[in-house]
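4 protein chains.
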Amino acid sequence: MSRDTVSEIRLRVRYAETDQMGVAHHAQYLVWLEHARIEHLRRLGVSYRSLEEQGVRLAVAKTQVRYGAPARFDDELRIRCWVRESASRLLVFGYHIDRPLDGIAIATASVTLVPVDGRMRVIRLPRELLDLLVAVPDPFKLSL
Amino acid sequence: MSRDTVSEIRLRVRYAETDQMGVAHHAQYLVWLEHARIEHLRRLGVSYRSLEEQGVRLAVAKTQVRYGAPARFDDELRIRCWVRESASRLLVFGYHIDRPLDGIAIATASVTLVPVDGRMRVIRLPRELLDLLVAVPDPFKLSL
Amino acid sequence: MSRDTVSEIRLRVRYAETDQMGVAHHAQYLVWLEHARIEHLRRLGVSYRSLEEQGVRLAVAKTQVRYGAPARFDDELRIRCWVRESASRLLVFGYHIDRPLDGIAIATASVTLVPVDGRMRVIRLPRELLDLLVAVPDPFKLSL
Amino acid sequence: MSRDTVSEIRLRVRYAETDQMGVAHHAQYLVWLEHARIEHLRRLGVSYRSLEEQGVRLAVAKTQVRYGAPARFDDELRIRCWVRESASRLLVFGYHIDRPLDGIAIATASVTLVPVDGRMRVIRLPRELLDLLVAVPDPFKLSL
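Protein sequence lines correspond, in order, to chains A, B, C and D. Per the numbering used here: the first sequence ends with 144, consecutive numbering throughout. Per the numbering used here: the second sequence ends with 288, consecutive numbering throughout. Per the numbering used here: the third sequence ends with 432, consecutive numbering throughout. Per the numbering used here: the fourth sequence ends with 576, consecutive numbering throughout.
Put into structure tokens, the structure is as follows:
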């Protein structure tokens, strides 16, 4: 697996992201995955902000998350992200979240996106973007 | 399908729930589903708050959401919720979200929960709770 | 105080709105205040959604919140909202939040808004809107 | 002003933090301020997580935020944080947010906290913590 194809970010669980169960709330994971996806694109040289300014948005069509050990306030998490499928009208990203401190698996996920214009109509991904988004076999098992 | 087994709530999309794509952010849906699940329990006579005070928490183990038409600010949404599977150590809820104004389908979802104690260890669901949570065949097709 | 000038909404604290202190997170209050403000406008016959579609946005310029007793998961809260000041380039709303069940005061707040266009440039409030937004003396003491 | 007394963090505005006005939602600022406050404590050698485990929580009693230029998706923001007032039963933090890229001022804020125990009863700050939290004159003008 090339380093170019699996990106990695780290983030720390914020207090506001916890709930009264004392763990990060499960909806928050989707926010982290989005953040990882945007950083993945940045490493490929793609600014999602510029992409939107050019009229291309990536609308979320499907999400699947499998939760492992809970993430807690102040935990530093590592999110790995890669492209699972890539076509002119569909992108699927895979994710693996763990806690580097002890190597505990926190979650795995898959998110499907569809390119749309400013009025949410499906469009084709620009060719140069599609060329960058090379799908790879899942480097981590996703128990979805 | 009995009215007892499929609950229904309505809510209005808040401004803070939108993102700059001009639609409700996809992570927000999990918050709505949680809200629908808690109201589903309330209609069965179960207060989730009391349940927690008795030491039983329902930890989210898996989420799957399929997004249809976007939900927009100020839209009134209807969320239907039912039990898909029910066992002493596993609960699966199904969801169907639409916009009553025009009948447009907004999303379908499935959320798997596991009963845990205050230290996040898996426990068995209290018998009287399990007896209330009768699984029914999906009343709506879930394209997950 | 006329009923027309002080609006009232009720909402229930969602699980996702709590944090690990076991209370509603303090940032969430601003989301509730926004919701109350939009409902206040609706009762005056103003749809904030339509307002935005006509090119008028109300950008938040200042917020002040004084927190009293904590709001807890599943609490039903009552938010009263009124106009404190109203001018062509400035609106100030006042808020009082309590818990009807026991009458406990949860928070008081003041939020200042400025009308802007789609590019965030300050504009004048449409005359017909300004006429509806009549300022009243604070019906509750705001300890800001 | 010593470097020890004014801390600085940087963060990037997440997509989920925007709203349909195309800017970061105003409630989100309180989440960022909390994050800055926790990092401020960390630099003083205080882990807020450990503090909570020892039974000391800092409950928010008052927030005041003045919003300047809007923060936008993907903007890198700098948050400076300092102690404005410090006493055994009250802490006030000051904040200044700007965008380093162009030096634009985004917001100033003040947040008042009260030490409480696990049941939200006011307690005294531990002496060794209080000794670390030395108040300084505001290094930036807060237009609150």
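The C-beta atom is built at its ideal place from N, Cα and C for all residues, glycine as well.
- Taking a 10 Å sphere around the C-beta of C:Ser431, we find fewer than 16 other C-beta atoms and assign the residue as exposed.
- For B:Gly212, same chain residues with a beta-carbon under 7 Å away, outside a window of 5 residues either side, are Ala249, Ile250 and Ala251 in chain order.
- Boundaries of the beta strand (DSSP E) harbouring C:Tyr355: Arg345 to Tyr355, taken from the DSSP string.
- At a cut-off of 9 Å between beta carbons, B:Val157 makes no contact with chain A.
- Here the C-alpha atom of D:Leu557 lies approximately 29 Å from the C-alpha atom of C:Val301.
- When secondary structure is reduced to three states using DSSP, D:Ile555 falls in the coil class, being assigned neither helix nor strand.
- Annotated three-state conformation of D:Ala468 is helix, per DSSP.
- Going by DSSP, A:Glu17 is part of no alpha helix (DSSP H) at all; its letter is neither H nor E.
- What D:Glu466 touches in chain A, judged by beta-carbon distance under 9 Å, is Arg14, Tyr15 and Ala16, going in chain order.
- For the options B:Leu195, B:His179, B:Glu197 and B:Phe237, the alpha carbon positioned closest to that of B:Lys206 is the one of B:Phe237.
- Under the 10 Å beta carbon count, A:Ser110 is surrounded by 16 or more other beta carbons and is classified as buried.
- The Cβ atoms of D:Leu465 and D:Cys513 lie closer than 9 Å to each other.
- Per DSSP, the continuous beta strand (DSSP E) segment holding D:Leu522 begins and ends at Leu522 to Arg531.
- Per DSSP, reduced to three states, the secondary structure at B:Leu174 is helical.
- For the region 207 to 230 of chain B, the residues whose beta carbon sits under 9 Å from a beta carbon of chain D are, in order, Arg216 and Phe217.
- If you look at D:Leu545, you'll find it in the beta strand (DSSP E) that goes Ile536 to Val548.
- By the rule that beta-carbons nearer than 9 Å mark a contact, A:Arg49 touches chain D.
- Using a CB distance below 9 Å, the part of the region 16 to 30 of chain A facing chain B consists of Gln20, Met21, Gly22, Val23, His25, His26, Ala27, Gln28, Tyr29 and Leu30, ordered along the chain.
- With a threshold of 9 Å between beta carbons, C:Ile392 makes no contact with chain B.
- According to DSSP, A:Ser7 shares a beta bridge with A:Cys81.
- For the C-beta of C:Ile326, the chain B residues within less than 7 Å are, from N- to C-terminus, Tyr159.
- Out of C:Leu401, C:Val311, C:Ile411 and C:Gly333, the CA that lies nearest to the CA of C:Ser374 is found in C:Leu401.
- By the criterion of a C-beta distance shorter than 6 Å, A:Pro70 is surrounded in its chain by Val23, once the five residues flanking it on both sides are discounted.
- In terms of beta-carbon proximity, A:Glu53 stays away from the interface with chain B, with every pair separated by 9 Å or more.
- Around the C-beta of B:Val278, fewer than 16 other C-beta atoms lie within 10 Å, and the residue is accordingly described as exposed.
- Ranked by Cα distance from A:Tyr95, the first of A:Asp19, A:Arg57, A:Asp75 and A:Arg37 is A:Arg37.
- Boundaries of the alpha helix (DSSP H) harbouring B:Arg193: Tyr192 to Glu197, taken from the DSSP string.
- Minimum Cα-Cα distance from A:Val83 among the listed residues A:Tyr48, A:Gly103, A:Leu130 and A:Arg72 corresponds to A:Leu130.
- Contact between D:Thr437 and D:Val568 is confirmed by a C-beta separation of about 5 Å, below the 8 Å threshold.
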